[in-house]
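**Student:** Below: one structure in structure tokens.
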Amino acid sequence: LVAWSYKAEISRAIGNRDDMFDAYGHVIEINPLDFNALRARASALIASGDVKGASKELNALAKFYPESATALAVRAHAALVASDPKSALELALSALAKSPKLPSAQLLAGAAHYELGSTEQAIGLLSAYLVSEPHSKIARRKLASAFSKSGQLRPAIE
Numbered sequence: 131l132v133a134w135s136y137k138a139e140i141s142r143a144i145g146n147r148d149d150m151f152d153a154y155g156h157v158i159e160i161n162p163l164d165f166n167a168l169r170a171r172a173s174a175l176i177a178s179g180d181v182k183g184a185s186k187e188l189n190a191l192a193k194f195y196p197e198s199a200t201a202l203a204v205r206a207h208a209a210l211v212a213s214d215p216k217s218a219l220e221l222a223l224s225a226l227a228k229s230p231k232l233p234s235a236q237l238l239a240g241a242a243h244y245e246l247g248s249t250e251q252a253i254g255l256l257s258a259y260l261v262s263e264p265h266s267k268i269a270r271r272k273l274a275s276a277f278s279k280s281g282q283l284r285p286a287i288e
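Next up, the structure:
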């Protein structure tokens with residue numbers, strides 16, 4: 131199990147997606163409850179745009195860890211990628227209710243609020259996220275857009 135986990139992590143680090151999925155597949159065969167393997171595969175599928183594949187992994191994750199803030203945040207990410215900001219917001223807010231300072235849930239809730247037109251909420255959540263992740267280009271762009279959309283041009287260009 132440990133060897134397959136290491137192989138998966140190394141493959142992910144060097145960008146070898148096929149070997150990573152193969153290795154995580156072995157980890158999951160040995161231990162179907164391996165949270166890290168399920169999460170990593172789902173995140174990689176989301177990043178590659180494979181929403182259907184990610185949904186399968188996320189359903190497994192949710193089945194085994196339905197109350198996990200991280201699982202809720204991963205499902206929120208999938209909903210946002212699938213252009214469902216309302217569901218993404220509900221899931222991200224549920225994750226934040228369990229873990230109020232979970233950075234990924236802050237980012238996802240902020241992005242979902244932005245997509246739904248709630249710029250003030252987006253500004254608050256994205257600003258909170260940037261406290262823990264100050265170099266996030268995605269969050270900075272989304273925050274600047276939210277400031278601009280709300281008519282606050284000075285913060286948008288700073």
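Residue numbers for the sequence shown follow my numbering, so the first one is 131 and each next one is one higher. Ideal placement from N, C-alpha and C gives every residue a C-beta, glycine not left out. Just so it is clear, the structure is predicted and the values come from calculations on it, not from any experiment.
Ignoring anything shorter than 4 residues, give me the alpha helix (DSSP H) runs that lie fully in the segment 192-217, in order along the chain.
**Tutor:** Note on the segment 192-217: whole alpha helix (DSSP H) runs with a minimum of 4 residues are 199-211, in chain order.
**Student:** Determine the direct distance from the alpha carbon of residue 165 to that of residue 279, and round the result to whole angstroms.
**Tutor:** Position 149 of the sequence shown, counted from the first residue, corresponds to residue 279. Position 35 of the sequence shown, counted from the first residue, corresponds to residue 165. Each residue's alpha carbon lies about 38 Å from the other.
**Student:** Determine the direct distance from the alpha carbon of residue 272 to that of residue 193, and round the result to whole angstroms.
**Tutor:** Residue 193 sits at position 63 when you count from the first residue of the sequence shown. Residue 272 sits at position 142 when you count from the first residue of the sequence shown. So the two alpha carbons sit approximately 32 Å from each other.
**Student:** Take residue 190 and list the residues in its own chain whose beta-carbon comes closer than 7 Å to its own, dropping the five residues that flank it on each side.
**Tutor:** What you label residue 190 is simply residue 60 of the sequence shown in a count that begins at 1. Closer than 7 Å at Cβ, skipping near neighbours: 168.
**Student:** Quick one, which of 182, 262, 274 and 198 has its alpha-carbon nearest residue 250's?
**Tutor:** The residue labelled residue 250 in the question sits at position 120 within the sequence shown. Of the listed residues, the one whose Cα sits closest to residue 250 is 274.
**Student:** If you follow the alpha helix (DSSP H) that residue 168 is in, where does it begin and where does it stop?
**Tutor:** Within the sequence shown, residue 168 is the residue found at index 38, counting from 1. Annotation: the continuous alpha helix (DSSP H) that includes residue 168 extends over 165-177.
**Student:** Report yes if the C-beta distance between residue 154 and residue 138 is below 9 Å; otherwise report no.
**Tutor:** Position 24 of the sequence shown, counted from the first residue, corresponds to residue 154. Position 8 of the sequence shown, counted from the first residue, corresponds to residue 138. Yes.
**Student:** For the alpha helix (DSSP H) containing residue 255, list its first residue and its last residue.
**Tutor:** Here the question's residue 255 lines up with position 125 in the sequence shown. Its alpha helix (DSSP H) spans residues 249-262.
**Student:** Is the distance from the Cβ of residue 207 to the Cβ of residue 199 below 9 Å?
**Tutor:** Position 77 of the sequence shown, counting from 1, holds the residue named residue 207. Position 69 of the sequence shown, counting from 1, holds the residue named residue 199. No. Outside cutoff.
**Student:** Please report how far the alpha carbon of residue 160 lies from the alpha carbon of residue 133, in whole angstroms.
**Tutor:** For the purposes of this step, residue 160 is taken as residue 30 along the sequence shown, with counting starting at 1. For the purposes of this step, residue 133 is taken as residue 3 along the sequence shown, with counting starting at 1. Distance between the alpha carbons of residue 160 and residue 133 is about 12 Å.
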